[in-house]
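Read through the structure below, which is laid out as structure tokens, and then see the notes.
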Amino acid sequence: MENIGILFGGPSVEHDVSCVSAKGVIENIDKKLFKPIPLYQDREGNWYSASYSLSVLKGKKEKGEKKSFEYLIKKYKIKTAFPLIHGTFGEDGTLQGYLEALNVKYVGCGVKASAIGMDKEICKKIWEKDFLPVVPYFKVLKESYELDLEKIKDKIKFPVFVKPADSGSSVGITKVKKEEDLRKAIDEAFKITRKVLIEKAIEGREIEVSVLGGFSPEYISPPGEIVPSKEFYDYEDKYKLNKAGLLVPAPLLEDLVYKFKDLAKKAFEAIDGYGMARVDFFLENGKNIYINEINTIPGFTPISMYPKLLSLCGLSYKEVITNLIKLAKQRD
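All residue numbers for the sequence shown refer to the numbering used here, where the first residue is -7 and numbers rise by one.
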């Protein structure tokens, strides 16, 4: 039986989400094939032993001794890891590069695809060059805030969404309906990152597709639909209130199902994706499709769309995890 490092926590605003995802994977991993070794990273970047990490997941934090990541990898003889650290450090290519330096195989996208997927602006540029439909946007940088805003203020048509360019789980996103509220929303996003996107607010349906496989993915799920309980699908709706409706599969005409699956595959391949991703879309007026973003470490929480959609491909939660680990071990 092989030890699999389940990496969770991390310094990003999505720390708590990561812990819930890790708990889901540990509970559902095939324990006849793999022994899950939980390795927790706190918000300050410190790593802890498996026993302390398990106590974190059980909500009973004991006194833990900080250890180096390299020490823990060697101690538990981990040859393959399952990164579940969402957002900064875990999903942006940093952790993936660290694992490669330690000669550890890992689940999910590589360094390049992870970095691209995390930066919404760079991702959009790549998709645009491949003629894939993206939500119209403007970029504002913290260091050239006033100048950037001056250039685009007459082009902005409200309502818009203001969002950090490199964060996830809808953290730091604000819907802005009038000009006088724009600066406040941008300032809020700047608390998280130095690069902010101002996107056209698409009034339509929120559609998601799960991808699993190698560089040419084997599984592209039928689309699912998010029905937000509030005006848009924010952090609270995703992870705290649990009131958003999930339609699995989404009620869509067959030609639209084909288009969503085709675009998900193309979006994944365009960034050189590997292993897993969830591609998020908007459907406007029942016909216009826009790619919103790609999540290279999608949630594995009990309410997450990623495993739910793959069940439509005939894969159980356990089989999804097994497939991902096998893909990690196959990658050169």
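Even glycine gets a Cβ: it sits at the ideal position worked out from N, Cα and C. Just so it is clear, the structure is predicted and the values come from calculations on it, not from any experiment.
- Remark: C-beta atoms of Leu46 and Cys11 do not approach each other more closely than 8 Å.
- Nearest in C-alpha terms to Glu62, of all of Ala93, Tyr44, Lys55, Asp122, is Ala93.
- Around the beta-carbon of Tyr298, 16 or more other beta-carbon atoms lie within 10 Å, marking it buried.
- Exclusion of the five residues before and after Lys58 leaves Asn38 as the residues of its chain whose Cβ lies within less than 6 Å of its Cβ.
- Each residue's CA atom was taken as its position, placing Gly206 and Lys258 some 13 Å apart.
- Gly51 sits exposed, since fewer than 16 C-beta atoms from the chains shown fall within 10 Å of its C-beta.
- Ranked by Cα distance from Ile212, the options Ile165, Leu307, Lys155 are led by Leu307.
- For Phe260, the closest of Gly109, Ile313, Glu276 by C-alpha to C-alpha distance is Gly109.
- The DSSP-derived three-state label of Met110 is helix.
- The beta carbon of Phe26 sits closer than 7 Å to the beta carbons of Met(-7), Glu(-6), Ile(-4), Ile317 from its chain, once the five residues preceding and following it are set aside; these are given in chain order.
- The straight-line gap separating the alpha-carbon atoms of Phe150 and Val168 is approximately 7 Å.
- The distance from the Cβ of Ala105 to that of Ile263 is about 5 Å, consistent with a contact at the 8 Å cut-off.
- Judged by DSSP in its simplified three-state form, Leu189 adopts strand.
- With 16 or more neighbouring CB atoms inside 10 Å of its own CB, Pro75 falls in the buried class.
- Judged by their CB atoms, Glu195 and Glu276 are nearer to each other than the 8 Å cut-off.
- Look at the region 16 to 84 and you find these whole runs of beta strand (DSSP E), each 3 residues long or longer: 26 to 33, 72 to 75.
- Taking a contact to require three or more Cβ pairs closer than 8 Å, the region 145 to 159 and the region 110 to 117 qualify as touching.
- Bridge partners of Pro156 according to DSSP: Val188.
- If you draw a straight line from the Cα of Val203 to the Cα of Leu304, it is about 12 Å long.
- For Asn277, the three-state secondary structure derived from DSSP is coil.
- Here DSSP, grouped into helix, strand and coil, assigns Ser308 to coil.
- A straight line joining the alpha-carbon of Leu(-1) with that of Leu319 spans about 17 Å.
- Of the candidates Phe123, Tyr40, Ile148, the residue whose Cα lies closest to the Cα of Phe130 is Ile148.
- The criterion of a C-beta distance shorter than 8 Å is not satisfied by Lys279 and Gly216.
- The beta carbon of Arg186 sits closer than 8 Å to the beta carbons of Leu133, Lys134, Glu135 from its chain, once the five residues preceding and following it are set aside; these are given in chain order.
- Taking the Cα positions, Val312 is about 47 Å away from Leu139.
- The residue among Phe274, Asp8, Asp247, Asn315 with its C-alpha nearest the C-alpha of Val163 is Asp8.
- In the structure shown, Glu195 adopts coil according to DSSP, grouped into three states.
- Taking C-beta separations shorter than 8 Å and ignoring five residues to either side along the sequence, Asp179 has no partners in its chain.
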